[in-house]
Amino acid sequence: MVRKEDYEHLTESELGSRPPKGTLLYMVISCVALAWAFFQLWVASPLQFHLANYIGSNAFIFNDFQVRALHLAFGLFLSLSMFPAFSTSEKRYIPITDWLLSSMGICACLYLVVFYRQIALRLGIPTIIDLLIAACGICALLEAARRTVGFAVVAVVLVFLFYSRFGEVMPDVIAHKNYMFSAIASQQWFSTEGVFGTAISVSADFVFLYVLFGGLLEKTGTGNFFIELSFLLLNRFRGGPAKAAVVSSGLMGMISGSSIANTITVGSLTIPMMKKMGFSAEKAAAIEVSAGINGQIMPPVMGAAAFLMAEYLSIPYIEVVKHAFLPAILTYIALLYIVHIEACKLGAMPQVIPDAKRMKLYTMIWYLLLVCASIAVLVSGLYVLIEGFLHFSGLKMIAGPYVTLVMGGLCGLVYIFLLWYQYTLNKAADVDRSSVAFKLKTGLHHFLPLIILVWCLLVERMSPALSAYWTILFLFFELLTKEIIVNALERRYGFYSALRVGFVNCINAMIMSSKNMTVVAVATAAAGIIVGSVSLTGIGLKIGGVLDVVSNGNLLLTLFLTAVMCIVLGMGMPTTACYIIVSTLMVPVLMYVTDKSGIVLTLFSVHLFVFYFGLMADVTPPVGLASYAAAAIAGGNAIMTGVQAFLYNIRTMLLPFLFVLDPQILGFNLSGPLDLFQVVVFCILGIISVTAGSQGYFLIKSKFYESVILFFVGIALLAPSIFVNLVTPEYLPLEMNEHILERSSDSKRIMVVLQERSFFGNPEVKKVTIQSGVDSTIEQKLRSCGVVAAYDGDRMLNVISVDQNARAQCATFDTSMKIAQIMVSQPQMPKWVVYATAFLLFSCIFLSQRKRKVS
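Below is the structure:
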């Protein structure tokens with residue numbers, strides 16, 4: 032188990048180290064944290080609108096900007112109260128300087144709430160008091176960020192603030208016009224482009240509710256249930272404890288917003304067991320770190336990045352979950368296989384199971400199919416019962432305006448029935464209590480909140496905030512009534528004591544969730560300053576120009592440089608702040624370079640690309656915070672743990688390159704369910720093949736050529752479009768001569784390479800794709816886009832005129848440009864050829880290694 036001093040040191044980094052428990056000051060801070068939780072529940076609740084209609088006043092309804100300001104006010108007070116200024120600062124009480132600093136930050140936030148209308152009327156023309164308030168608020172925020180997140184975020188923020196003010200004197204490549212302090216203050220503190228922008232909006236609207244949802248799940252025992260179920264499922268296999276660590280971390284990651292919290296919670300149990308198996312301290316810690324980090328890319332929460340992506344991309348939250356699910360599952364499959372390989376190298380044997388309890392493979396498959404069919408029938412029946420079907424009126428139509436009460440009562444009855452079922456099973460004498468089936472049956476009630484959340488999101492199409500709100504209410508009911516129901520079933524008395532226990536659990540979960548949210552609220556607000564500076568100065572496009580020059584338009588080099596910059600920017604950052612920074616700085620850069628090169632990338636894949644590599648900073652030495660946490664539990668070297676975790680996560684770092692180059696891994700460009708099934712099957716085989724190739728071990732230790740073949744076979748199965756484009760390029764260049772415009776082409780697309788001069792006179796190349804009709808000349812294809820061109824005698828075409836009303840593509844053309852090259856699309860080799868070849872090679876190596884293993 033983790034040592035007490037290590038656990039306290041690690042939790043202090045997320046919850047602060049003061050004031051001591053049992054003191055009056057601790058009670059005051061707990062009351063503020065509880066008030067924060069009630070406030071967030073109130074602004075998410077529809078009750079505020081019912082109250083407004085009842086009393087005829089909007090006094091208790093806050094607009095979005097006011098909610099963000101109050102959200103930050105709570106965060107500033109708790110961060111400056113719980114986190115001392117320095118490690119040597121007094122921890123038994125809060126110094127007067129911290130009281131003054133927190134009061135300054137709170138007043139700066141409340142100023143925005145109280146004088147909201149006046150500020151809105153003079154936006155952009157701040158008064159002296161406005162400037163003073165902005166300065167006080169930003170200073171308090173930076174100090175809170177330094178204490179909670181570390182100096183890394185503050186250093187980056189200060190650099191951007193300095194650049195905003197003095198960018199005019201910097202080199203021409205990044206220089207901008209002069210911005211005075213009044214313009215910076217208006218942008219950062221009084222608008223929705225800076226501190227109170229999209230980042231803290233997501234923190235206030237969604238993240239808090241899902242952190243509270245996770246905290247309440249922990250109080251109900253769902254986290255421990257997932258861990259125990261993982262051990263029962265996998266402990267009988269080779270390397271069982273390590274595989275259980277991976278699965279339980281994945282399940283915990285679905286409800287946890289912190290990689291460090293995930294590592295501490297699961298690792299305190301799994302790391303010692305892995306060490307007993309024979310894993311070194313560094314390898315045991317690295318496996319847990321990898322599993323904990325991957326929890327941040329696992330839907331539905333994704334370390335709160337799912338909600339940020341939905342806001343930034345203006346797409347439904349459920350779309351983010353849908354597209355991010357398969358790559359997250361692939362990372363865990365790869366990690367499970369890595370664990371299996373490590374166990375094989377150690378010679379670890381699976382747990383010996385009596386023949387009476389041994390389950391054959393085909394029996395397991397039948398059981399799995401039976402469970403899936405049962406779930407499908409249950410969900411279908413539930414849908415018909417609630418929504419209705421044909422002439423059958425569902426409960427929603429029958430209940431009418433009382434549908435909320437009816438649905439809540441139905442959920443309560445199901446919960447009571449499941450507890451009764453658990454009680455009946457526990458009382459039975461002839462049951463194997465160590466079996467997976469028994470554990471699953473007695474824990475069915477743990478799945479009920481997750482089902483309610485998914486139902487609200489997918490079937491009812493509620494917002495993420497409202498879905499979480501109704502689920503949280505059910506969890507409150509669950510915590511308040513569980514002991515009462517159990518006492519009633521066991522015919523025991525103590526109604527009031529059982530109710531008190533449930534009430535205390537609810538209060539403690541709300542307080543702990545608020546304290547956990549302190550770091551997130553402060554980090555997102557501080558990261559908002561970076562977003563505001565980028566939008567004010569336009570530095571994103573300037574960085575894009577520099578990266579374009581360095582990469583010279585090469586996509587792979589651009590992606591590699593972007594990945595390195597994301598890892599550097601993500602060092603020392605919590606998940607939400609990390610995503611905000613890398614998406615703000617690097618997504619525009621990547622889109623600028625690729626658009627200029629005529630490469631079409633899906634915006635979602637680019638956002639997910641930078642997010643994955645930003646997270647890799649948590650395992651990358653020398654600032655891999657999760658590696659330090661796991662190393663403290665394992666008693667190993669933190670740097671070596673980080674290096675080992677980095678090696679284990681190579682397959683996680685390969686996936687972003689693949690789904691950018693071929694977005695079918697994300698579920699794009701699929702024609703139907705059969706195509707989806709094919710992609711899922713081949714992606715699973717592909718990630719296993721890539722992992723085996725990179726680890727040098729498949730069924731047995733691989734020869735060098737086998738590892739190389741397995742690695743490239745895996746890439747072919749994961750992203751076949753890469754090899755399709757290598758064999759048959761998508762575009763075929765045409766010879767530029769005086770007959771180019773008269774040349775006929777039956778292609779549906781042409782790519783035009785434009786040459787122009789930049790503002791500084793340097794030659795620049797840009798590629799534009801034009802959709803056109805078939806069986807027409809190149810001149811007709813250009814005219815369909817509103818472009819008239821003529822051959823200039825120097826193997827180029829001059830753009831004579833542009834009709835701006837023809838098509839959207841013509842906005843890229845200008846009469847000062849020249850057309851340097853024209854490429855036409857051509858039929859490409861079908862993907863099934865790549866799949867068939869790769870699968871054949873995979874099968875040959877499998878059979879070859881199996882033959883060597885047997886002999």
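Take the sequence shown: its letters are residues 32 to 886, numbered as in our numbering.
Note that CB positions come from ideal geometry on N, CA and C, so glycine has one too.
Here the structure is a predicted model, which means the values were calculated and not measured.
The alpha helix (DSSP H) enclosing Lys862, as first and last residue numbers: 862-885
Using the C-alpha atoms, what's the distance from Trp863 back to Gln71? 52 Å
Can you grab the Cα-Cα spacing for the pair Tyr147 / Phe182, in whole Å? 32 Å
What does the Cβ neighbour count give for Ile876, buried or exposed, with the cut at 16 atoms within 10 Å? buried
Cys487 and Phe507 look like a contact to me (Cβ under 8 Å); what is the Cβ gap, rounded to whole Å? Not really, about 16 Å apart at Cβ, beyond 8 Å.
Decide yes or no for the touch test of the segment 99-117 against the segment 174-189: beta carbon pairs closer than 8 Å, at least 3 of them. yes
Can you give me the C-alpha to C-alpha distance between Leu471 and Ile715, rounded to a whole angstrom? 26 Å
Quick one, which of Ile570, Met860, Lys376 has its alpha-carbon nearest Ile731's? Lys376
Apply the 10 Å Cβ neighbour rule to Pro115 and answer buried if 16 or more other Cβ atoms are within range, or exposed otherwise. buried
For His477, is the classification buried or exposed, using 16 other Cβ atoms within 10 angstroms of its Cβ as the cut-off for buried? buried
Asn583, buried or exposed, once every other Cβ within 10 Å from all chains shown has been counted against 16: exposed
Using a 10 Å radius around the Cβ and a threshold of 16 neighbouring Cβ atoms, would you call Met617 buried or exposed? buried
Whole-angstrom distance between Met493 and Val188, CA atom to CA atom: 36 Å
Would Phe91 be called buried (16 or more neighbouring beta carbons within 10 Å of its own) or exposed? exposed
Whether Tyr368 touches Ile719 by CB criterion (7 Å): yes
Would a C-beta distance cut-off of 7 Å place Ile664 and Ser280 closer than the cut-off? no
When DSSP labels each residue in this structure, what does Ile771 get in the three-state scheme? helix
In chain order, what are the residue ranges of uninterrupted alpha helix (DSSP H) at least 4 long that sit wholly in the segment 309-369? 312-325, 336-344
Exposed or buried, which one is Arg389 when buried takes at least 16 other CB atoms within 10 Å? In this predicted model, Arg389 has a pLDDT of only 49, less than 50, meaning its place in the structure is not dependable; the value taken from the coordinates is given anyway. The residue in question, Arg389, is exposed, as its Cβ has fewer than 16 Cβ neighbours within 10 Å.
For the 8 Å Cβ check, are there 3 or more pairs between the segment 212-226 and the segment 559-572? yes
Would you kindly work out how many angstroms separate the C-alpha atoms of Val383 and Ser466, rounded to a whole number? Because Val383 sits at a pLDDT of 48, beneath the cut-off of 50, its placement in the model cannot be relied upon, and the following sentence gives the value as read from the coordinates. Computed Cα separation, rounded: 15 Å.
Output yes or no for whether 7 Å exceeds the beta carbon distance between Lys797 and Ser803. no
When burial is assigned at 16 or more other CB atoms within 10 Å of the CB, is Ala387 buried or exposed? Reliability fails at Ala387, whose pLDDT of 43 lies under 50, so the model's placement of it is uncertain and no value is given.
Keeping to the same chain, check which residues put their C-beta closer than 7 Å to that of Ala64; ignore five residues upstream and five downstream. Leu109, Ile542, Ser545, Lys546
Kindly list the residues whose CB is nearer than 6 Å to the CB of Ala851, restricted to its own chain and excluding five residues on each side of it in sequence; keep chain order. Val784, Gln786, Met827
Taking the straight line between their C-alpha atoms, what separation do you get for Leu765 and Pro619? 32 Å
Contact defined as beta carbons within less than 8 Å: I believe Ala139 pairs with Gly168. What is the distance between those atoms, to the nearest angstrom? 3 Å
Consult DSSP for Ile719 and reduce its assignment to one of helix, strand or coil. helix
Output yes or no for whether 7 Å exceeds the beta carbon distance between Met854 and Met767. no
Straight-line gap, Met283 to Leu481 (C-alpha atoms, nearest Å): 13 Å
Cβ distance (whole Å) where Gly225 is taken to contact Ile560 below 8 Å: 6 Å
For Asp463, does the count of other Cβ atoms within 10 angstroms reach 16, so buried, or fall short, so exposed? exposed
My understanding is that Leu533 touches Leu511, with C-beta atoms under 8 Å, so please give their C-beta distance in whole angstroms. In the sequence as presented, Leu is not what sits at residue 533; that position holds Gly. Contact flag correct, Cβ pair sits at about 4 Å.
Tell me the residue span of the alpha helix (DSSP H) that contains Leu132. 127-145
Which whole-angstrom value is the C-beta distance of Val144 and Leu172, which I expect to be below 8 Å? With a Cβ gap of about 16 Å, Val144 and Leu172 do not count as contacting.
In the DSSP assignment, find the unbroken alpha helix (DSSP H) run with Val98 in it and report its ends. 95-113
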